[in-house]
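Q: To start, I am sharing the structure in question, which I have written as structure tokens.
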Amino acid sequence: MNLLITGGAGFIGCNMAAHFMSKGYRVVLLDNLSRPGGHNNLNWLKSLGALEFVKADIRNAAEVKRVFDIYGHFDAVLHFAAQVAVTTSVTDPRWDMETNLQGTFNLLEAARMCAAKPIFLYASTNKVYGEIANLKVVEANDRYQYADLQNGVSEDFPLDFHCPYGCSKGAADQYVIGYSRIYGLKTVCFRQSCIYGYHQFGMEDQGWVAWFSIAAMSGRPITIYGDGKQVRDVLFIDDLVSLYDLSLNHIDKMSGEAYNIGGGLKYQLSLLELIRMLEEKLGKSIPLTFFPARPGDQKVFVCNISKIKQTLGWEPQTDITSGIEKLFIWIEQNRNLFLA
């Protein structure tokens, strides 16, 4: 297959690229290299074999069209390029909107005008559901949990674009679905929860599992916004890669649909629980600073992943302990990149 991977030098994009390159697929990467760690990930990918890279910005429709014109036939577009932080969306909503909504629109239009009509897989977010404030949450030791919701949040929950990031990603989510309904493109939205793993250069405002791990190992200060009992269902990157691979081969079952993707009920983790795991692993106490919770932060978000399981038979295979161990090994092997 011929693949275009946007945001291909980012955390998820580079792992996808490495996987499909190993299968002998032709991979074209599009990235503007604005994300910290992007150059490192790109250099790593180049060391793996044949790779075609285009430095471009998805906000620019002419640049996007040029990629399709120059590289010709694509069998699929895997769209990961995005502004990924809620905090940044609040301080700079225009950049957020232009990247996440306008950029996705530019790619959809290029795909629509392409004779090959490529498959279009879009990395959406659980933030399309907003705070889900109507769900009762109870406190239990180091975590919050749903009081009554037994199976997690399903795709039937109403959309609620609470913050600018939720608005931009959510509007793009609906465009992706709409382009399947109106134009017949084979599109899928994956409303992803907390993904973590190697080649993730986590930051304080995004990628918290990697950020806490890197900061704890390097002795950097860790700030927690809220009380740290917030819970997410976490998913290791290898499991997400296997999902995208399966999806390319079973697109006719999935086209036009949205799926909640995360660790599900089995793999839930609070911020404080991760800190305890890191303390045990490092054999030391980790000092924490607490600040008020950020606007729109969900106390709990856990996916109901039954829809994707029924469709593809997919479910996570990497437990949290194994995933954190794999992440730790990668950090140790790349200490020079962020542990100076």
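For reference, each letter of the sequence shown is one residue, going 848 to 1187 in this note's numbering.
Yeah, the Cβ is synthetic: ideal placement off N, Cα and C, and Gly gets one too.
Remember, it's a predicted structure, so these values are computed and weren't measured experimentally.
Tell me, to the nearest whole angstrom, how far the beta carbon of residue 1150 is from that of residue 973; I am working on the premise that it is less than 8 Å.
A: For the purposes of this step, residue 1150 is taken as the residue at position 303 of the sequence shown. For the purposes of this step, residue 973 is taken as the residue at position 126 of the sequence shown. About 7 Å; that satisfies the 8 Å criterion.
Q: Counting C-beta neighbours from all protein chains within 10 Å, is the total for residue 1017 16 or more, i.e. buried, or is it exposed?
A: By one-based count along the sequence shown, residue 1017 stands at place 170. Result: buried.
Q: Tell me residue 1088's beta-bridge partners as DSSP assigns them.
A: As a first step, residue 1088 is located in the sequence shown; it is residue number 241 there, counting from the start. Paired residues: none, contrary to the question.
Q: Roughly how many angstroms lie between the CA atoms of residue 1049 and residue 859, to the nearest whole one?
A: For the purposes of this step, residue 1049 is taken as residue 202 along the sequence shown, with counting starting at 1. For the purposes of this step, residue 859 is taken as residue 12 along the sequence shown, with counting starting at 1. For residue 1049 and residue 859, the gap between their C-alpha atoms comes out near 12 Å.
Q: Which residues bound the alpha helix (DSSP H) around residue 926?
A: Within the sequence shown, residue 926 is the residue found at index 79, counting from 1. Annotation for residue 926: no alpha helix (DSSP H) segment contains it, though the beta strand (DSSP E) segment containing it runs 923-926.
Q: When we look at the beta-carbon of residue 1137 and count the other beta-carbons within 10 Å, is it buried (16 or more) or exposed?
A: Start at 1 with the first residue of the sequence shown, and residue 1137 comes out as number 290. Flag for residue 1137 reads exposed.
Q: Beta-carbon separation of residue 889 and residue 865 under 8 Å?
A: To locate residue 889, count along the sequence shown from 1; it is residue 42. To locate residue 865, count along the sequence shown from 1; it is residue 18. No, these two residues do not count as a Cβ contact at 8 Å.
Q: Give the range of the alpha helix (DSSP H) segment to which residue 864 is assigned.
A: Here residue 864 is taken as the residue at index 17 of the sequence shown, counted from 1. Note, residue 864: alpha helix (DSSP H), 858-869.
Q: Looking at C-alpha atoms only, which residue of 1121, 1145, 1064, 925 is the closest neighbour of residue 1178?
A: Looking up residue 1178 in the sequence shown gives position 331. Closest in alpha carbon position to residue 1178, among 1121, 1145, 1064, 925, is 1064.
Q: Could you check which residue in 1058, 983, 910 has the C-alpha nearest to that of residue 1041?
A: Position 194 of the sequence shown holds residue 1041. Nearest option by C-alpha distance: 1058.
Q: Threshold first: 4 residues or longer. Then list the alpha helix (DSSP H) segments lying entirely within the stretch 950-1012, N to C.
A: As far as the stretch 950-1012 is concerned, its whole alpha helix (DSSP H) runs of at least 4 residues are 950-960.
Q: Does DSSP classify residue 875 as helix, strand or coil?
A: Taking the first residue of the sequence shown as position 1, residue 875 is located at position 28. Reduced to three states, the DSSP call for residue 875 is strand.
Q: How is the beta strand (DSSP E) around residue 1105 delimited, first residue to last?
A: Stepping through the sequence shown from its first residue, residue 1105 is reached at position 258. Going by DSSP, residue 1105 is part of the beta strand (DSSP E) stretching over 1104-1108.
Q: Tell me the rounded alpha-carbon separation between residue 1104 and residue 1163.
A: Counting from 1 along the sequence shown, the entry for residue 1104 is found at position 257. Counting from 1 along the sequence shown, the entry for residue 1163 is found at position 316. Approximately 20 Å between the Cα atoms of the pair.
Q: Please determine, among 1020, 981, 966, 1013, the residue with the shortest C-alpha to C-alpha distance to residue 951.
A: If you number the sequence shown from 1, residue 951 lands on position 104. Looking at the Cα atoms, 1020 is the closest of the given residues.
Q: For residue 959, collect the residues of the same chain with a Cβ closer than 6 Å to its Cβ; drop the 5 residues on either side in sequence, then sort them by chain order.
A: If you number the sequence shown from 1, residue 959 lands on position 112. Excluding five sequence positions before and after residue 959, the CB atoms of its chain that fall closer than 6 Å to its own CB belong to 1030, given in chain order.
Q: Would residue 968 pass as a contact of residue 923 if the rule is Cβ separation under 8 Å?
A: The sequence position of residue 968 within the sequence shown is 121, counting from 1. The sequence position of residue 923 within the sequence shown is 76, counting from 1. It is a contact, given that the beta carbons lie within the stated cut-off.
Q: DSSP on residue 1149, reduced to helix/strand/coil?
A: Counted from its first residue, the sequence shown places residue 1149 at position 302. Note: residue 1149 maps to coil in three-state DSSP.
Q: What is the rounded straight-line gap between the Cα of residue 1077 and the Cα of residue 947?
A: Position 230 of the sequence shown holds residue 1077. Position 100 of the sequence shown holds residue 947. Cα to Cα, the separation comes out at about 26 Å.
Q: So what does DSSP say about residue 1048, is it helix, strand or coil?
A: In the sequence shown, residue 1048 corresponds to position 201, counting from 1. Correct three-state label for residue 1048: coil.
Q: Would residue 884 be called buried (16 or more neighbouring beta carbons within 10 Å of its own) or exposed?
A: Walking along the sequence shown from the start, residue 884 turns up at place 37. Buried, since its Cβ has 16 or more Cβ neighbours within 10 Å.
Q: Can you give the Cα-Cα distance for residue 1080 and residue 1109, rounded to whole angstroms?
A: Walking along the sequence shown from the start, residue 1080 turns up at place 233. Walking along the sequence shown from the start, residue 1109 turns up at place 262. Their Cα atoms are separated by approximately 6 Å.
Q: Residues in the same chain with beta-carbon distance under 7 Å from residue 1101, minus the five sequence neighbours each way, listed in chain order, please.
A: Counted from its first residue, the sequence shown places residue 1101 at position 254. The residues are 1035, 1094, 1158.
Q: What residues match up with residue 915 in a beta bridge as DSSP calls it?
A: Numbered from its first residue, the sequence shown carries residue 915 at position 68. Beta-bridge pairing links residue 915 to no other residue.
Q: Residue 1042 bridges to which residues according to DSSP?
A: One-based indexing of the sequence shown puts residue 1042 at position 195. DSSP output for residue 1042 lists 1082 as bridge partner(s).
Q: Pick out whichever of 965, 1010, 1089 has its Cα sitting closest to the Cα of residue 1032.
A: Translated into positions along the sequence shown, residue 1032 becomes position 185. Ranking the options by Cα distance to residue 1032, first place goes to 965.
Q: Which residue comes first and which comes last in the alpha helix (DSSP H) that contains residue 938?
A: Looking up residue 938 in the sequence shown gives position 91. Taken as a continuous stretch (DSSP letters only), the alpha helix (DSSP H) holding residue 938 covers 933-938.
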